[in-house]
Amino acid sequence: MPEDTSRRRFLGAAATATGAAALGLTPGAARAGEPRRGPAGGTPRIGASTADPADPRYADLVRGWNARFVGSPDYVRVAGSVADVEEALAEAAGRGKRLAVRSGGHCLENFVCDEDVRVVLDVSQLEAVGYDAGHRAIVVEPGATLRKVYKTLHTAWGVTVPGGACPAVGAGGHIAGGGNGPLARRDGVVADHLYGIEIVTLDESGTPRTVLATREENDPNRELWWAHTGGGGGNFGVVTKYLLRSPGARGTDPAALLPRAPGQERSVSYALPWSELDERKFGRLLRGYVEWFEAHSAPGAPEGALNAHFFGLHASTSPVVNVQLLVDPTEPGTEDLLARYRADVLDPVGVTPTVTDQVLPWLRSTNVEGFADTGEAMLRRCKAKGTYLRSSYTDEQISTSYRYLTTGRLQAPLAGLLLAGLGGRYAAVDPGATAVPQRDSVVKVMHAAHWHDPATDELHLSWVREFYRDVHASSGGVPELDGVTDGAYINYADADLADPRWNTSDVPWYRLYYKDAFERLQAVKGAWDPRNAFRHALSVPLPA
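This is the structure we're talking about:
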């Protein structure tokens, strides 16, 4: 049988299996020991299992990526189906045990490992990616890593979503927080393509309820869908399926329901030695980087085909500052675009960079390890803080950044200032259409440090916190709203924003993340999590 014919038959089977059975609102429980059947063409499911402190799996299951945090729950419940999720929620509620949910385990803060959490619900094994013909949507389960999502979407249908660059991150929290990545200028964020969710919630009595919420105007659960377009994970319930279909997509062919995948990725990296960057030249580089996005972020502008990352790592951890340009070289005009960017941003600095130019097939480019990925990075301790920029940093902010990046000595493989471009398609979405309101921001910023030795925790935590505080000294140590900056990105979760020691402004943490969307999120919280069962240090609070 020709491969293409076989493939089409498989996808047809997957579409059938992912219809009413996979997305039904009252999934049935399998008998004990019976394999569960999932959405991807009848793929066998694991059954639920429990790991307590005596179980050899426990030590792994109570840890996420950030080695600073290790949980101590009474047990970890590993779910293999929606029914398992319902059962776990009912049991925890009935016993009065606080529960937290983990999918990929890449949360930057101590939300799941908090000492008050008595039950961890692990949904990493809910990891199918398939097509639901009934809703004309591609289904992604929360445990699917971005690596798996990109590979399946590209291999099966030639499409993609504009998610993050760290392939080991799980879809669960990533999409709920918006899902931002290198294709933001071309395609927006993942949440812009979210058609619906299947989610298990708890009512006032502690009874689980599995519901479907979509963006359809007549859907009574529409606000619950909206809250998952940037409201962040761990707030309203346990998402068991994301349904993806771009607004305006027509027909039933899954190859036409999401953005087409790029043909290739060309990465052109410019390395500028710290030894040749005095404060004036560094300022010219950083200011030029941001100003380019200010000038070239209108929706539909041809410059939307280019994104650029700025890696300003501390001089004791890296001998160079890197600016990485990303384009799809199969698209017309990208050679000229790269040349114009160099002339506008890099040449005026007056430093001759070392240039690395690489072209990869697009899917292969998504498998390059990111900052929060596998290998040595899994042993790292981390602190990160985020900012949205609407315009270039002030002279004082640039001077502060230069000082923090060039003085002292850190003991970290990665510590610095990381920037990525926004604008383009990201800016085309109305601020109220999703729970990501900072649509006129042109750059996303992360202050971060990754280190290994617990004995150096204070050194690196203090460095990141004080760096961020001093950059934002004129606005109480946090990024002001509607000025040069515009608050922060919830997927760069930072509990310091809720700590009066580090946020001395009169702007509460929830305004920094959600701006005027907060009251709407709070109303969803009151309607769907009246017990406040799903909570953490930065969860949306119940209405007063």
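In the working numbering, the protein residues as written are 29 to 572.
For glycine and all other residues, C-beta sits at the position ideal for the given N, C-alpha and C.
>> Give me, in chain order, the residues of the same chain whose beta-carbon lies closer than 6 Å to that of THR462; leave out the 5 immediate sequence neighbours on both sides.
In response: Here the question's residue 462 lines up with position 434 in the sequence shown. Answer for THR462: ALA219, THR257, GLY258, listed in chain order.
> Pick from PRO287, GLY207, ARG130, LEU391: whose alpha carbon is nearest that of ARG105?
Replying inline: Start at 1 with the first residue of the sequence shown, and residue 105 comes out as number 77. ARG130 is the residue among PRO287, GLY207, ARG130, LEU391 whose C-alpha sits nearest the C-alpha of ARG105.
> Is the CB-CB distance between TYR517 and LYS553 below 8 Å?
Replying inline: On the sequence shown, residue 517 is found 489 positions in, with the first residue counted as 1. On the sequence shown, residue 553 is found 525 positions in, with the first residue counted as 1. The answer is no: Cβ separation not under 8 Å.
> Sorted by chain position, which residues of the same chain lie with C-beta nearer than 6 Å to GLY75's C-beta, five sequence neighbours on each side aside?
Replying inline: As a working note, residue 75 is residue 47 in the sequence shown. For GLY75, where only same-chain residues beyond five positions count, the Cβ hits under 6 Å are GLY108.
> Under three-state DSSP, which class holds GLU424?
Replying inline: As a first step, residue 424 must be located in the sequence shown, where it is residue number 396. In this structure, GLU424 counts as helix in the three-state DSSP scheme.
>> Please list the terminal residues of the continuous alpha helix (DSSP H) segment that includes TRP253.
In response: As a working note, residue 253 is residue 225 in the sequence shown. Start and end: 250-255.
>> Helix, strand or coil for ARG243? Go by DSSP, reduced to three states.
In response: Position 215 of the sequence shown holds residue 243. Looking at ARG243 - three-state DSSP - the assignment turns out to be coil, as it is neither helix nor strand.
> Which term fits LEU9, buried or exposed, when burial requires 16 or more other beta carbons within 10 angstroms of its beta carbon?
Replying inline: No answer is possible for residue 9: it lies beyond the span of the chain, which begins at 29 and ends at 572.
> Should ARG431 go down as buried or exposed, given a rule of 16 or more other Cβ atoms within 10 Å for buried?
Replying inline: Reading the sequence shown from its first residue, position 403 is the one you call residue 431. In the assembly as shown, ARG431 is an exposed residue. Its beta-carbon has fewer than 16 other beta-carbons within 10 Å.
> When we look at the beta-carbon of ALA572 and count the other beta-carbons within 10 Å, is it buried (16 or more) or exposed?
Replying inline: In the sequence shown, residue 572 corresponds to position 544, counting from 1. An exposed status is given to ALA572, since fewer than 16 other beta-carbon atoms sit within 10 Å of its beta-carbon.
>> Counting C-beta neighbours from all protein chains within 10 Å, is the total for ASN249 16 or more, i.e. buried, or is it exposed?
In response: Along the sequence shown, read from residue 1 onward, the residue named residue 249 stands at position 221. Taking a 10 Å sphere around the C-beta of ASN249, we find 16 or more other C-beta atoms and assign the residue as buried.
> Should VAL383 go down as buried or exposed, given a rule of 16 or more other Cβ atoms within 10 Å for buried?
Replying inline: Your numbering for residue 383 matches position 355 in the sequence shown. The residue in question, VAL383, is exposed, as its Cβ has fewer than 16 Cβ neighbours within 10 Å.
> When the distance is taken between beta carbons, is GLY209 closer than 8 Å to ALA199?
Replying inline: Reading the sequence shown from its first residue, position 171 is the one you call residue 199. Reading the sequence shown from its first residue, position 181 is the one you call residue 209. Result no, Cβ atoms of ALA199 and GLY209 do not sit closer than 8 Å.
> Taking the Cβ atom as the reference point for each residue, do GLY505 and THR532 lie within a distance shorter than 8 Å?
Replying inline: Taking the sequence shown and counting its residues from 1, the one referred to as residue 505 is at position 477. Taking the sequence shown and counting its residues from 1, the one referred to as residue 532 is at position 504. With contacts defined as CB atoms closer than 8 Å, GLY505 and THR532 qualify as a contacting pair.
>> Going by beta-carbon coordinates alone, are VAL610 and HIS163 separated by less than 8 Å?
In response: No answer is possible for residue 610: the residues shown for the chain start at 29 and end at 572.
>> Pairs of beta-carbons, one from the region 86-95 and one from the region 408-415, closer than 8 Å: are there three or more?
In response: Touching, per the Cβ criterion.
>> Pop quiz: TYR454 and VAL147 are said to be a contact at Cβ under 8 Å. What is the actual Cβ separation, rounded to whole angstroms?
In response: What you label residue 454 is simply residue 426 of the sequence shown in a count that begins at 1. What you label residue 147 is simply residue 119 of the sequence shown in a count that begins at 1. Contact between TYR454 and VAL147 is absent: CB atoms are separated by about 37 Å, not below the 8 Å threshold.
> Does the separation of the CB atoms of GLY361 and PRO330 fall below 8 Å?
Replying inline: Numbered from 1 along the sequence shown, position 333 holds the residue referred to as residue 361. Numbered from 1 along the sequence shown, position 302 holds the residue referred to as residue 330. In this structure, PRO330 lies closer than 8 Å to GLY361 by Cβ.
> Measuring CA to CA, which of ASP356, ILE166, LEU154, ALA323 is closest to GLY660?
Replying inline: Residue 660 lies beyond the stretch modelled for the chain, which goes from 29 to 572, so this question has no answer here.
>> As a quick exercise: from VAL349, LEU450, GLY340, ILE225, pick the residue whose alpha carbon is nearest that of ALA333.
In response: One-based indexing of the sequence shown puts residue 333 at position 305. When only C-alpha atoms are compared, the closest one is LEU450.
>> Counting only C-beta atoms, is TYR541 closer than 8 Å to chain C at any point?
In response: Absent here is chain C; the protein component of the structure consists of one chain.
> Hey, out of ASP375, ALA289, VAL266, LEU445, whose CA is closest to ALA343's CA?
Replying inline: Here residue 343 corresponds to residue number 315 of the sequence shown, with the count starting at 1. For ALA343, the nearest C-alpha among the options comes from LEU445.
> Based on the DSSP secondary-structure assignment, which residues constitute the bridge partners of GLU293?
Replying inline: To locate residue 293, count along the sequence shown from 1; it is residue 265. Under DSSP, the beta-bridge partners assigned to GLU293 are LEU388.
> Using the rule of at least 16 other Cβ atoms within 10 Å of the residue's Cβ for burial, across every protein chain shown, is ASP364 buried or exposed?
Replying inline: Within the sequence shown, the letter at position 336 stands for residue 364. Exposed, by the Cβ-count rule.
> Excluding sequence positions up to five away, which residues of its chain have a Cβ less than 6 Å from the Cβ of PRO558?
Replying inline: Locating residue 558 in the sequence shown gives position 530, where the first residue counts as 1. Result list for PRO558: GLU232, in chain order.
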